[in-house]
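Protein chains in written order, with this note's numbering: chain A, 1 to 358; chain B, 1 to 358; chain C, 1 to 358; chain D, 1 to 358. In what follows, a structure is listed as structure tokens, so that the remarks can point back to it.
There are 4 protein chains.
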Amino acid sequence: MAGNSFGTLYKLTSYGESHGVGVGGIIEGVTPGLELDMAFIQNELNRRRPGQSEITTPRDESDNVEFLSGVFEGKATGTPLAFLIRNKDQRSGDYGNLKDVYRPSHADYTYQTKYGIRDHRGGGRASARETIARVVAGAVAKLMLRPLGVIIQGYVSQVGNIKLEKSHTDMDLSMAETNIVRCPDANIAKKMISYIDTIRLDHDSVGGVVTCVASGVPVGLGEPVFDKLHSVLAHAMLSINAVKGFEYGSGFGAASMLGSQHNDEFIKEDGKIKARTNRSGGVQGGISNGEDIYFNVAFKPVATISKEQNTVDMHGNEVVMLAKGRHDPCVVPRAVPIVEAMTAMVLADAVLMNKTYK
Amino acid sequence: MAGNSFGTLYKLTSYGESHGVGVGGIIEGVTPGLELDMAFIQNELNRRRPGQSEITTPRDESDNVEFLSGVFEGKATGTPLAFLIRNKDQRSGDYGNLKDVYRPSHADYTYQTKYGIRDHRGGGRASARETIARVVAGAVAKLMLRPLGVIIQGYVSQVGNIKLEKSHTDMDLSMAETNIVRCPDANIAKKMISYIDTIRLDHDSVGGVVTCVASGVPVGLGEPVFDKLHSVLAHAMLSINAVKGFEYGSGFGAASMLGSQHNDEFIKEDGKIKARTNRSGGVQGGISNGEDIYFNVAFKPVATISKEQNTVDMHGNEVVMLAKGRHDPCVVPRAVPIVEAMTAMVLADAVLMNKTYK
Amino acid sequence: MAGNSFGTLYKLTSYGESHGVGVGGIIEGVTPGLELDMAFIQNELNRRRPGQSEITTPRDESDNVEFLSGVFEGKATGTPLAFLIRNKDQRSGDYGNLKDVYRPSHADYTYQTKYGIRDHRGGGRASARETIARVVAGAVAKLMLRPLGVIIQGYVSQVGNIKLEKSHTDMDLSMAETNIVRCPDANIAKKMISYIDTIRLDHDSVGGVVTCVASGVPVGLGEPVFDKLHSVLAHAMLSINAVKGFEYGSGFGAASMLGSQHNDEFIKEDGKIKARTNRSGGVQGGISNGEDIYFNVAFKPVATISKEQNTVDMHGNEVVMLAKGRHDPCVVPRAVPIVEAMTAMVLADAVLMNKTYK
Amino acid sequence: MAGNSFGTLYKLTSYGESHGVGVGGIIEGVTPGLELDMAFIQNELNRRRPGQSEITTPRDESDNVEFLSGVFEGKATGTPLAFLIRNKDQRSGDYGNLKDVYRPSHADYTYQTKYGIRDHRGGGRASARETIARVVAGAVAKLMLRPLGVIIQGYVSQVGNIKLEKSHTDMDLSMAETNIVRCPDANIAKKMISYIDTIRLDHDSVGGVVTCVASGVPVGLGEPVFDKLHSVLAHAMLSINAVKGFEYGSGFGAASMLGSQHNDEFIKEDGKIKARTNRSGGVQGGISNGEDIYFNVAFKPVATISKEQNTVDMHGNEVVMLAKGRHDPCVVPRAVPIVEAMTAMVLADAVLMNKTYK
């Protein structure tokens, strides 16, 4: 209701602020008996972790997850899986001088107006630190999807004007994890890293695009009309901090195409019905058709930069502000596991929903 | 749950198939006492109506709405507002020859696989005829938003490669309703109409983009984290048939921008806090900031074309099919009222939710 | 949200008023492919129907259901099953004189205060005519439960001070349908009928109790903590007009029992685990244990009586009113199919939910 | 969905097991700016606390609540209020011998069958320890209701065959807190205490009834049809462990009454519309009418007794078991704050929902 939950059957309800006790959540819908691979879950958190490389924020949080319920002898019991990640490297002092300031393109003004009160330290609930809970729930969702053969792989396909033009079908996506910018093409990755470094030294930030591919998805996932699989994916992706756009399959490019060019013919291959091309992006009529689901997620440059900016404060005074908080020069490398996590949650939920028809 | 409802407090639950008895829905959350302006509601339906001009499908349905409950002496009572639009111009025969065929880029294959049964006539539940219910619920939402000063105006900003490059702030958007393609720039409109006509004569279809602007939106709408206002808008838009992408504010363009270019400075103007620029698209931290909310919605070319296509049938036989059903050469002119309707529903729901904080 | 829906996966959203166009609903969660036995559905409606015998209201409505969607060639398609029952025997004139009057123990005052507007004719949305939608959704739920071997049988166990003392295990419950008061014991039934007739002639009304038994329920239905199977049953039953109480298994009698008397020992019988006694009422820890689920539902005497009553009107004037509308002297015989319908909906929903764990 | 949440706008999602890390929850819908009176919240927990008197279980848990989010400088921020109460006095060893045993009238068998796995220690999720989360959420709800003048007072009205026959209107209900059995009549209280002591010494348990009264409730709370105020209260109460029945207003007694006896006449008093009598129990048509809301909740004797009992184990072997765990001889005194908490949650939720109509 109030925007703290995602999913219906596989569901995360999250809580927590940047500079409070911690962030966490309650996961429902975990298959009873599922082996909770704690090392895998922690590894997913590490992929999101600040301070993991020279191109991410130096804010250093080890982000160790404590499970509070729903596990017995290493297995999920089917009861709610609650977890908590305590905040550690809090420098609330960094934000003291911004207590009353409405930072440009941040949520300070809107939160204050909506609620009449806000935890101003580090963005409070609006901080991207909230995405930790998503990564935990996404990791558990991946464990649920694993036996079905679903593989979810995200990667960075654009940083500023540096674009990876290759299709996901022409690359080994697992190479994305071999460099700090998470781009599967080593050459492009090098350019991206070098560019981000320039941005960092200039105290600025830059946007980018994350592409995500889910393969091995069974046919039939997604609900018609209002909860089409791609609608829910769009909802999921746009809910990630700093996201400005979503397109799947042919995406915005479809606007300039003809039907005769765009349609995906069905064929029979190895006794199975397949699509010859995949402009549909693995979803037709809102329901997965067994082909790869792929989509792009556009991120704006993070609003926190270490440059002077003009703005106003709560009292309407014009002020010049300079953020002291540490920030990412480019958020997309760390956004990859978050995009994957949201994808995994959407698919796990759809899998559970689909069981009810049998 | 099963994708037939949209919204939480202002909520539409819809039903109906293309060639069944009709389509309709139940609207909840209508303010008790609201005057139901039936002429306005019917006019919105007429804007969506097939056969309204030479560039839309010749399928001719007058789409008269019958309200079944929730109205007393012309006013909403606060109880559910149910409605029904009976189907009339059904030519089920058009679809008989496609009974077993999986039409390319349609939902036939996925529905059949998901449910094991489907109403094959005209796409059944997957037909865009379903959007009638959205237009009715959107019209009622507009009536609720009217006293708040919210104005929602959509328009066609791209057809094929013909793009309207002007910003929404540089045009009189109401001009969109003065031509059949719904583009507010008369010159571009002419080119679009002429292009669509070529496509029609070639028995093909073409994609496009609808831009939508909501102005006068109060500050504070939208819920943090998972139900950010733009996430819900994205969900809403991607749930419309044939939509492939959504971007708001700076959108995909933000990916190549720097933070120092992108941030919207706050200023004080006439005693009110405003943003000097609006790359945020009227939403910050998921909550409306009072500036114009604007976004683009990409539509693929409709899958139904009157050309021969290769595909397979239910039994896996390769077949060559030729659709006899009447179709739109370009869906975007008729999509404008649907995009507006979904926007109105999202905002009305957010308005109701926001009342609970006071 | 606004009280018009019941259930989560198997879900009815209902609409309609006593003297409007009609009442109806949208059913979601119907198993795709389910044969919709229309004669059975109509028969369930006939069991609820006014005017079915001399001890029910003479208001005569044949209550024919029209399905608007979700059915194809006699089978459910998995898409929403919408339906409408048009109102026919409306004597709105009966209510004209009560336009401004707050009838004692009716919903006139509370609706008017909550909404600031109400359809005063025949109680509007608060009329028991709304239960028609429940009976339709319950009938479809029974069709879904039939292949699982679930049998739901309600009966009248009390009318005024006339009580049926026998346990449900000591009677042939199907005998309930052999008399107009729906009591499986012919002798008690006779007394009840004769008593109701006296009440009717005296222009009064009287309360009663409906008992309901669900047998053949699989082990494992119901969700822990807040949605225990019996909690949802209680919710369902108390939502029926005129219901004042609910108890299951040992019920209120349990308050005066000792644990050593009350506990149900587990035994092994024919290779299956069973309970030797069934004070648990077929539910333990909120989850069905395979034994009979049985419960009692207390109904107050209907508030509409044909006697003069003192009350006030909307303007605060004291008035003496005399209801002209036709009413049931005792509502419980017609409530039996409604209690069964709600039970079937609860169980069908639980069955669907339970599939998600496998 | 899976039974871990209660409420829609004011909502608790709870987690935790008897012998895991702890129990807790996430509360949504707390009014931003609400002063969180921590002493009051802790005091409510103390009222539920085991070991508070000689007639409760000697299991001694101090149950200190830690808030994890949603509070800033002592006030609620409007973001989710997460909390955790760590388990302390765990004697898992007490349960080792019962690992495989299906205890009579417990949830062991149903949980094991539903999930295929369970945390057998102390009942796991089915333990009444789960109700701690309810008491915290109820205490916060009481703080929200306080400025509206709503007062909720529960008390014990029956223990075994010892019944308090007086109406709630004839007693000073606050006296309930002056004795350990929480009965507002000192004489009856004495008898109840002495009786419970006998039961305790006999290693048995006994049932009882809690009555609860909410006064000062504004007119208009509750939603029609499926979410009538009393339906939601019934749902809430039946979700509490060991509850077997619920009745409000005239309750089961209404079954033997005539309409002419039962109807509550409206009168005008001090310029306000009131009901002369209150058999309606403060709710008409599912909506509060401003009179006292009162209801009874029946509890069975707790299933855990320190006597030998026959049962079977997971493998189907007949066994004789003797519970070593500490238990309450009569649960109703400690159930009073839980009943109140659920009532407060229901009313707070209804208050929020009602704001959406204005």
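The beta carbon of each residue, even a glycine, is placed where N, CA and C say it ideally should be.
Inter-residue spacing [alpha-carbon to alpha-carbon] between residue i and residue j
i, j, result
"H106(C)", "E265(D)", "10 angstroms"
"V71(A)", "F40(C)", "46 angstroms"
"P58(C)", "R326(C)", "6 angstroms"
"R129(C)", "V225(D)", "11 angstroms"
"V101(C)", "V243(C)", "23 angstroms"
"G253(B)", "A303(A)", "15 angstroms"
"A236(A)", "L238(D)", "35 angstroms"
"G20(C)", "V135(C)", "19 angstroms"
"C183(B)", "Y155(A)", "37 angstroms"
"M314(D)", "T356(A)", "28 angstroms"
"D227(C)", "K142(C)", "21 angstroms"
"A344(A)", "H168(C)", "49 angstroms"
"F295(D)", "E291(B)", "50 angstroms"
"A332(A)", "G216(C)", "The sequence given here has Val at residue 332(A), not Ala. About 55 angstroms."
"Q158(D)", "L12(A)", "41 angstroms"
"V65(D)", "S18(D)", "15 angstroms"
With 16 other Cβ atoms within 10 Å as the buried cut-off, status of residue i
i, result
"R276(B)", "exposed"
"N317(C)", "exposed"
"V320(C)", "exposed"
"H262(C)", "buried"
"G78(D)", "buried"
"D370(A)", "Since the first and last residues shown for chain A are 1 and 358, residue 370(A) lies out of range."
"S231(B)", "buried"
"P147(C)", "exposed"
"G122(B)", "buried"
Beta-carbon proximity check, residue i vs residue j, cutoff 8 angstroms
i, j, result
"V219(B)", "T311(A)", "no"
"D328(C)", "L258(D)", "no"
"D119(C)", "I85(C)", "no"
"L164(A)", "I188(A)", "yes"
"I55(B)", "D197(B)", "yes"
"F246(A)", "G245(B)", "yes"
"A82(D)", "G16(A)", "yes"
"G208(A)", "F67(A)", "no"
Proximal chain C residues relative to residue i, where beta-carbon distance stays under 8 angstroms
i, result
"L68(B)", "Y15, G16, G20, V21, G22, G24, L84"
"T79(A)", "P224"
"L352(A)", "T356"
"S239(D)", "V225, F226, D227, K228, S231, G286"
Beta-carbon neighbours of residue i, restricted to chain A and to distances below 8 angstroms
i, result
"K75(B)", "Those do not exist, as K75(B) stays about 28 angstroms from chain A at its closest Cβ, beyond 8 angstroms."
Contacts of residue i in chain A (Cβ-Cβ under 9 angstroms)
i, result
"A2(D)", "L9, K11, E28, G29, G78, T79, P80"
"F72(D)", "E17, G20, I117, R118, D119, H120, R121, G124"
Contact set between residue i and chain C, taken where Cβ atoms lie within less than 7 angstroms
i, result
"L32(B)", "The question names Leu, yet the displayed sequence has Pro at residue 32(B). Those are Y115, G116, I117, listed as they occur along chain C."
"R125(B)", "T79"
Residue i beta carbon near the ligand FAD (any heavy atom closer than 7 angstroms)
i, result
"A275(D)", "Looking for the ligand FAD in the displayed structure turns up nothing, as the structure carries no ligands at all."
Partners in chain A for residue i, counting only beta-carbon separations shorter than 7 angstroms
i, result
"D264(B)", "P104, S105"
### Message
Quick check: the region 48-65 of chain C against the region 96-115 of chain B, are at least 3 beta-carbon pairs closer than 8 angstroms?
### Response
no
### Any 3 or more C-beta pairs closer than 8 angstroms across the region 25-36 of chain D and the region 28-43 of chain C
no
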